Amino acid sequence: MDVLILAGGLSHERDVSVRSGRRVAEELRDRGLKVEVRDVDTGLLPALREHADAVVWPLLHGASGEDGSLQALLELTGARYVGTRSKEARVAWVKPVAKAVYGGEDAATPDFVTLPQSLFREVGADQVLDAIVQRFGLPLVVKPARGGSALGVSLVRERDQLARAMVHCFAYGDNAMIETAVDGTEIAVSVIGTGDGARALAPVEIVCDGPYDYDARYNPGRVEYFTPARLDESATATVTDAALAVHRRLGLRDLSRVDMILDGQGRAQVLDINIAPGLTETSLLPQAAAGSGEDLGALYESIVRGVTAH
281 MDVLILAGGL SHERDVSVRS GRRVAEELRD RGLKVEVRDV DTGLLPALRE HADAVVWPLL
341 HGASGEDGSL QALLELTGAR YVGTRSKEAR VAWVKPVAKA VYGGEDAATP DFVTLPQSLF
401 REVGADQVLD AIVQRFGLPL VVKPARGGSA LGVSLVRERD QLARAMVHCF AYGDNAMIET
461 AVDGTEIAVS VIGTGDGARA LAPVEIVCDG PYDYDARYNP GRVEYFTPAR LDESATATVT
521 DAALAVHRRL GLRDLSRVDM ILDGQGRAQV LDINIAPGLT ETSLLPQAAA GSGEDLGALY
581 ESIVRGVTAH
């Protein structure tokens with residue numbers, strides 16, 4: 281079987297994508313598959329025609345790989361590809377929309393509001409910020425309504441930090457999502473498969489020496505991971521059930537990662553969904569596979585071969 285991995289792109293997460301593509305290619309080649317890695321550029325469509333029988337694995341992070349546009353192009357060409365289809369990807373990519381779809385008793389989500397940058401100019405930034413604090417209190421988390429890898433995300437503990445956090449957020453998009461910060465244990469659950477056949481890998485517990493930001497995620501040393509997470513049987517079931525509920529409600533396919541906080545009341549508070557999770561040497565899905573006792577190359581091969589059943 282031939283595999284065409286798409287990695288790179290022009291988003292802020294290009295470097296992560298390149299590293300993910302390289303690692304997946306190595307694992308698949310070790311399994312005896314023929315793999316080509318290429319960027320998304322003017323040569324993409326000719327390459328898809330040349331590799332018409334290949335399974336395409338889009339490993340682009342950020343808008344170009346997760347907002348449904350690349351998936352729509354692959355669908356136009358008739359390519360077989362790994363991952364969520366374009367319509368469902370568009371829903372998952374917009375965090376406030378995704379929250380409205382997956383939120384439920386078994387997959388709670390922090391209270392939030394989404395506001396465009398233009399509103400702050402029209403109404404007056406200080407007045408809007410005051411209204412936010414009055415409504416939600418502190419601490420707060422400010423993040424772009426679209427995006428990944430914690431780019432543009434800030435934890436705000438004091439009112440005078442809020443304006444700076446909004447400026448940082450708007451550097452990555454025109455809409456900001458401000459949500460209540462939740463205390464608890466940070467957990468990531470990776471899901472493999474589709475629909476009723478989906479299954480959760482071992483939860484990963486994340487302990488960071490500060491915010492779990494871009495630097496902490498992709499540069500070793502600031503974070504300690506526990507796989508499987510240090511949870512009892514009941515808590516493990518809570519977080520895995522929440523991840524499976526999100527994956528199925530959003531109609532995700534093949535693989536995803538659901539990030540959440542297990543709060544003091546034992547509820548899984550879902551923070552984010554990744555339809556193209558990072559697969560670098562420090563990424564969470566490979567750690568989850570290892571914690572589940574799975575061979576990573578065999579897992580990736582099963583994902584690729586499963587595409588033929590779509």
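Residue numbers (our numbering): 281 to 590. Heads up, the beta-carbon is just placed ideally off N, CA and C, and yes, glycines get one too. Everything numeric in this text was worked out from a predicted model, so none of it was measured.
- Shown here, T460 sits in a strand according to DSSP, grouped into three states.
- P483 sits in coil when the DSSP states are folded into three classes, being neither helix nor strand.
- For S434, the secondary structure class from DSSP, reduced to helix, strand or coil, is strand.
- Looking at the DSSP output, R365 sits in no beta bridge, so it has no partner there.
- Of the residues P566, Q567, R529 and G383, the one whose Cα lies closest to the Cα of A478 is R529.
- Between the region 576-588 and the region 418-429, the count of C-beta pairs closer than 8 angstroms stays below three; the two stretches do not touch.
- Between E385 and the set S572, A569, R547 and L576, the nearest pair of CA atoms involves R547.
- For V304, the enclosing alpha helix (DSSP H) stretches over residues R294 to D310.
- The way I'd put it, the region 381-395 does touch the region 514-531; three or more beta-carbon pairs between them come closer than 8 angstroms.
- Beta-bridge partners assigned by DSSP to Y505: I486.
- Counting along the chain, I583 sits inside the alpha helix (DSSP H) bounded by residues L576 to G586.
- Counted as a single uninterrupted DSSP element, the beta strand (DSSP E) harbouring I541 occupies residues L535 to D543.
- Judged by pairs of C-beta atoms under 8 angstroms, the region 391-410 does not touch the region 539-546, as fewer than three such pairs exist.
- Residue pairing by DSSP places I555 in no beta bridge whatsoever.
- For R529, the uninterrupted alpha helix (DSSP H) run begins and ends at E513 to R529, by DSSP.
- As the crow flies, the alpha-carbon of D406 is around 10 angstroms from that of I412.
- Ranked by how close their Cα comes to the Cα of R365, the residues P419, G531, R415 and T516 have G531 in first place.
- Pairwise C-beta distances place the region 510-517 out of contact with the region 356-372, as fewer than three of them are shorter than 8 angstroms.
- In the DSSP assignment, no residue is bridged to D386.
- According to the DSSP assignment, V374 belongs to no beta strand (DSSP E), since it is labelled neither H nor E.
- Taking 7 angstroms as the cut-off, the beta carbon of L339 is found closer than this to the beta carbon of G301.
- Under the 10 Å beta carbon count, S470 is surrounded by 16 or more other beta carbons and is classified as buried.
- W373 is the residue among A568, W373 and G453 whose C-alpha sits nearest the C-alpha of L551.
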